[in-house]
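Line by line, the protein sequences give chains A and B.
Going left to right, the first sequence walks through residues 50 to 362 as our numbering numbers them.
Going left to right, the second sequence walks through residues 1471 to 1684 as our numbering numbers them.
Written below as structure tokens is the structure these notes are about.
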Amino acid sequence: MTKIDPSEITPESVYLSRRKFMVGVAALAGSALLAGCGIGGETGETGGSTGGSGTTAAPGGTPTPDELTSFDAITNYNNFYEFSLDKEEVASLAADFVIEPWTVEVGGMVESPRKYSIDELLALYPEEERVYRMRCVEGWSMVIPWLGFPLRLLLDDVKPTSEARYVRFQSLDDPERLPGQRHRFAWPYVEGLRLDEAIHDLTILSTGLYGKRLLPQNGAPIRLVVPWKYGFKSIKSVVRIDLVSEMPESLWMEAGPREYGFYANVNPEVDHPRWSQKTERRIGDFGRIDTLLFNGYDEVAPLYAGMDLRENY
Amino acid sequence: MAERTQPDASAARRLSTGALLLRIAAHAGALAPLAYLLWQTLTGGLSFDPIHDLTLRTGKPAFILLLLSLAARPAVVVTGVTALRPLARTLGLYAFGYATIHMLIFVGLDFGFRWDLIVGGVLEKRYAVIGLATFLILLTLAATSTRKAARRLGALWKRLHRLAYAAGVLATLHYLWAVKFITFEQWAYAVVLALLLVARLPEVEGRIRRSRSE
Ligand code: HEM
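Here it is as structure tokens:
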């Protein structure tokens, strides 16, 4: 596995903005303090998940037992059905995907709906690096150094009204550019989060990884990343974000309601009906490691206090 | 094994060039996926999830060879070329071989022989149970595939080896349930299996034979 020199992946400006961000978070949200660190290993809650992969220095010098997955693997092993059902084919099919111009429309139950260009978003919300584990519902996982900003910052600016309970996300709908959209599913891809999940500090909109702009196969130019949920919740190539009052129905909920629920929290005790979720293969390692509740991000547990996670899968 | 020990030398000599070529083609074709897989494994040509790759690419040949093995009999019925008949056994044994590697990869490479996980977590899943059942059938058939076993089992042997059809059905279910969602490919295999089952009905076989001899 390639080891990455931290200086190679985290430009100084990003470091600085992260520090600023962390101070901001500390001031803002007492209980979310831990989450504010936002770096996978820093939560100190990765027991059992490391598979003896050794210790590397995370950007910023904090030790994390999770080794980064190689850039090569992250950019060439992709579940992105809008391009192909074959994970190894997505990168080549997405190579010519045009992402300019691109706008993200934020609306629904908000006081200040607004259309953003990617440049506007980048100017308003400085990127910071977040190293997150990504657990696919299929039973494999990666560790990815994302660049992005907390979704909360954007939502704060558009001011959700008091009726807003959920956030609905929608991907680009364009069968011309997305060949996979010509068949099979009820496109476009739609995902949803409860509002409190959406404003949690771990939830980011990502515009890059490994210090570079996102490549199309990873959801360029902008995507959601919710590290404690199965990967499919982290919707790619987002064009619309709407605040809504009812739980949105995601594409996967529609396609397989018994297999894919709204929450899709990583949970080793709640199997997919057809396969076990107790363990996972970390891409780049050999064999299996234990899957952790909430993918090891225990700080989100309060969001689900008193909820039956088996019922609400 | 049994095929190589022909009852007498003259029978072996009577093996036509065509039948010989057929046999060579069957062995070469059955071994090709394994050779290619080994080559890719050794040269780093597998996917970023190599264990998964190995699992799929041993399961798939096991499944296809099983279907081809089942297709040998109707092929004889339809074409009248009796040289096709021994392929049922040859291809069936290869199916068993791939299934064995498939299973060992799963148990050994993927789960590192962690029986707690395999028994507690995986074997409660229907696709895995069905896969195991299929494997056990293939094991039984392979173990009784010699001429000696056939002689010893007598009439029972025929009935026993009809389980190959059960293996075909179970393997198809295993496949349909193992994939995340079913595409055209899996439906196509299911249709092929259905045709093979229909073609095995004595009524249907009789009709085909009669129409051929007319
Ligand atoms: C103990 C027995 C078996 C176990 C534990 C087992 C396990 C598995 C697993 C884990 C997968 C991959 C599912 C995924 O993650 O995509 C798989 C796929 C598959 N298996 Fe098995 N299997 C067994 C027996 C068999 C047998 C006997 C056959 C055929 C004769 C077979 C044919 C297949 C096929 C065709 C696939 C799908 C390949 C593809 O998607 O391209 N398996 N099996």
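Think of the CB as a built atom: it goes at the ideal place given N, C-alpha and C, for glycine as much as any other residue.
As the structure is a prediction and not an experimental result, all values here were calculated from the model.
Starting from residue 1530 of chain B, trace the alpha helix (DSSP H) in both directions and tell me its first and last residue.
By 1-based counting over the second sequence, the position of residue 1530 of chain B is 60. That run of the alpha helix (DSSP H) goes 1520 to 1549.
Residue 326 of chain A in three-state terms, based on DSSP:
Numbered from 1 along the first sequence, position 277 holds the residue referred to as residue 326 of chain A. Looking at residue 326 of chain A - three-state DSSP - the assignment turns out to be coil, as it is neither helix nor strand.
What does the Cβ neighbour count give for residue 187 of chain A, buried or exposed, with the cut at 16 atoms within 10 Å?
The count along the first sequence starts at 1 and reaches residue 187 of chain A at position 138. By the neighbour-count rule (16 or more Cβ atoms within 10 Å), residue 187 of chain A is buried.
DSSP-derived helix/strand/coil call for residue 1575 of chain B
For the purposes of this step, residue 1575 of chain B is taken as residue 105 along the second sequence, with counting starting at 1. Note: residue 1575 of chain B maps to helix in three-state DSSP.
Roughly how many whole angstroms lie between the Cα atoms of residue 324 of chain A and residue 352 of chain A?
In the first sequence, residue 324 of chain A corresponds to position 275, counting from 1. In the first sequence, residue 352 of chain A corresponds to position 303, counting from 1. C-alpha separation (whole angstroms): 26 Å.
Contact residues within the segment 1530 to 1550 of chain B, judged by C-beta distance below 8 Å to chain A:
Against chain A - using a Cβ distance shorter than 8 Å - the segment 1530 to 1550 of chain B contributes no residues.
If residue 126 of chain A and residue 332 of chain A are in contact, beta carbons under 8 Å, what's the gap, nearest whole angstrom?
As a position in the first sequence, residue 126 of chain A is number 77, starting the count at 1. As a position in the first sequence, residue 332 of chain A is number 283, starting the count at 1. About 7 Å; that satisfies the 8 Å criterion.
Mark residue 302 of chain A as exposed unless 16 or more other C-beta atoms lie within 10 angstroms of its C-beta, in which case mark it buried.
Along the first sequence, read from residue 1 onward, the residue named residue 302 of chain A stands at position 253. Looking at its Cβ environment, which holds 16 or more other Cβ atoms inside 10 Å, residue 302 of chain A is buried.
Please tell me whether residue 295 of chain A and residue 215 of chain A are closer than 8 Å, where the distance is taken between their beta carbons.
Within the first sequence, numbered from 1, the residue matching residue 295 of chain A stands at position 246. Within the first sequence, numbered from 1, the residue matching residue 215 of chain A stands at position 166. Yes, the pair counts as a contact, with Cβ atoms nearer than the cut-off.
As a quick exercise: from A:225, A:236, A:195, A:163, pick the residue whose alpha carbon is nearest that of residue 206 of chain A.
For the purposes of this step, residue 206 of chain A is identified with residue 157 of the first sequence, where counting begins at 1. If we check each option's Cα against that of residue 206 of chain A, A:163 comes out closest.
Sub-8 Å separation of residue 1558 of chain B and residue 1539 of chain B beta-carbons:
Numbered from 1 along the second sequence, position 88 holds the residue referred to as residue 1558 of chain B. Numbered from 1 along the second sequence, position 69 holds the residue referred to as residue 1539 of chain B. In this structure, residue 1539 of chain B lies closer than 8 Å to residue 1558 of chain B by Cβ.
Thinking C-alpha only, which one of B:1650, B:1636, B:1642, B:1614 is nearest residue 1627 of chain B?
Residue numbering aside, residue 1627 of chain B sits at position 157 when the second sequence is read from its first letter. Nearest option by C-alpha distance: B:1614.
Exposure of residue 192 of chain A, with buried meaning 16 or more beta-carbon neighbours within 10 Å
Counted from its first residue, the first sequence places residue 192 of chain A at position 143. Buried, because 16 or more other Cβ atoms sit within 10 Å of the Cβ of residue 192 of chain A.
Indicate whether at least one CB of chain A lies closer than 8 Å to the CB of residue 1521 of chain B.
Here residue 1521 of chain B refers to the residue found at position 51 when the second sequence is read from its first residue. Closer than 8 Å: yes.
Taking DSSP as the reference, what is the three-state secondary structure of residue 165 of chain A?
In the first sequence, residue 165 of chain A corresponds to position 116, counting from 1. Note: residue 165 of chain A maps to strand in three-state DSSP.
Taking the beta carbon of residue 315 of chain A as the centre, do at least 16 other beta carbons fall within 10 Å, making it buried, or is it exposed?
Counted from its first residue, the first sequence places residue 315 of chain A at position 266. Buried, because 16 or more other Cβ atoms sit within 10 Å of the Cβ of residue 315 of chain A.
Compute the distance between the beta-carbons of residue 312 of chain A and residue 238 of chain A, then report whether it is under 8 Å.
Stepping through the first sequence from its first residue, residue 312 of chain A is reached at position 263. Stepping through the first sequence from its first residue, residue 238 of chain A is reached at position 189. Not closer than 8 Å, so no.
Cβ of residue 340 of chain A within 8 Å of Cβ of residue 322 of chain A?
Mapped onto the first sequence, residue 340 of chain A falls at position 291. Mapped onto the first sequence, residue 322 of chain A falls at position 273. In this structure, residue 322 of chain A does not lie closer than 8 Å to residue 340 of chain A by Cβ.
Starting from residue 152 of chain A, follow the beta strand (DSSP E) in both directions and report where the run begins and ends.
Taking the first residue of the first sequence as position 1, residue 152 of chain A is located at position 103. Its beta strand (DSSP E) spans residues 152 to 157.
What residues of chain B sit near residue 325 of chain A, judged by a beta carbon separation below 7 Å?
On the first sequence, residue 325 of chain A is found 276 positions in, with the first residue counted as 1. The answer, in chain order, is 1591, 1592, 1595.
For the ligand HEM, any of its heavy atoms closer than 7 Å to the Cβ of residue 280 of chain A?
Along the first sequence, one-based indexing puts residue 280 of chain A at 231. Answer for residue 280 of chain A: no, Cβ out of range of the ligand HEM.
What does residue 219 of chain A pair with, by DSSP beta-bridge criteria?
Stepping through the first sequence from its first residue, residue 219 of chain A is reached at position 170. Paired residues: A:239, A:289.
Let me know the secondary structure DSSP gives residue 302 of chain A once reduced to three states.
Taking the first residue of the first sequence as 1, we reach residue 302 of chain A at position 253. Residue 302 of chain A: helix per DSSP, three-state reduction.
Counting only Cβ pairs nearer than 8 Å, list the residues of chain B close to residue 337 of chain A.
As a position in the first sequence, residue 337 of chain A is number 288, starting the count at 1. Correct list: 1580, 1581, 1582, 1584, 1587.
What ranges does the alpha helix (DSSP H) occupy inside the segment 246 to 276 of chain A, keeping only unbroken runs of at least 4 residues that lie completely in it?
none
Under 7 Å from any heavy atom of the ligand HEM, does the C-beta of residue 1578 of chain B make it?
Indexing the second sequence from 1 puts residue 1578 of chain B at position 108. Not so, every heavy atom of the ligand HEM lies at least 7 Å from the Cβ.
Less than 8 Å between CB atoms is the rule here; does residue 97 of chain A satisfy it with respect to chain B?
In the first sequence, residue 97 of chain A corresponds to position 48, counting from 1. Only weak support is given to the placement of residue 97 of chain A: the predicted model assigns it a pLDDT of 33, under 50, and the question is left unresolved by the model.
Nearest-angstrom Cα distance between residue 1517 of chain B and residue 1510 of chain B?
If you number the second sequence from 1, residue 1517 of chain B lands on position 47. If you number the second sequence from 1, residue 1510 of chain B lands on position 40. Cα-Cα distance, rounded: 10 Å.
What's the C-alpha gap between residue 365 of chain A and residue 210 of chain A?
With chain A covering 50 to 362 only, the question about residue 365 of chain A has no answer from this structure.
Per DSSP, residue 1585 of chain B forms a beta bridge with which residues?
What you label residue 1585 of chain B is simply residue 115 of the second sequence in a count that begins at 1. Beta-bridge pairing links residue 1585 of chain B to no other residue.
For chain B, is any of its Cβ atoms less than 8 Å away from the one on residue 187 of chain A?
Along the first sequence, read from residue 1 onward, the residue named residue 187 of chain A stands at position 138. Yes - at least one Cβ of chain B is within 8 Å of the one on residue 187 of chain A.
Tell me, please, whether the segment 240 to 253 of chain A touches the segment 265 to 279 of chain A by the rule of three or more beta-carbon pairs shorter than 8 Å.
Contact between the segment 240 to 253 of chain A and the segment 265 to 279 of chain A is present, because at least three Cβ pairs lie under 8 Å.
Specify the secondary structure class of residue 180 of chain A as computed by DSSP and reduced to three states.
Along the first sequence, read from residue 1 onward, the residue named residue 180 of chain A stands at position 131. Strand at residue 180 of chain A.
Residues, ordered as in the chain, of the segment 134 to 159 of chain A that lie near chain B by beta-carbon distance below 8 Å:
134, 136, 137
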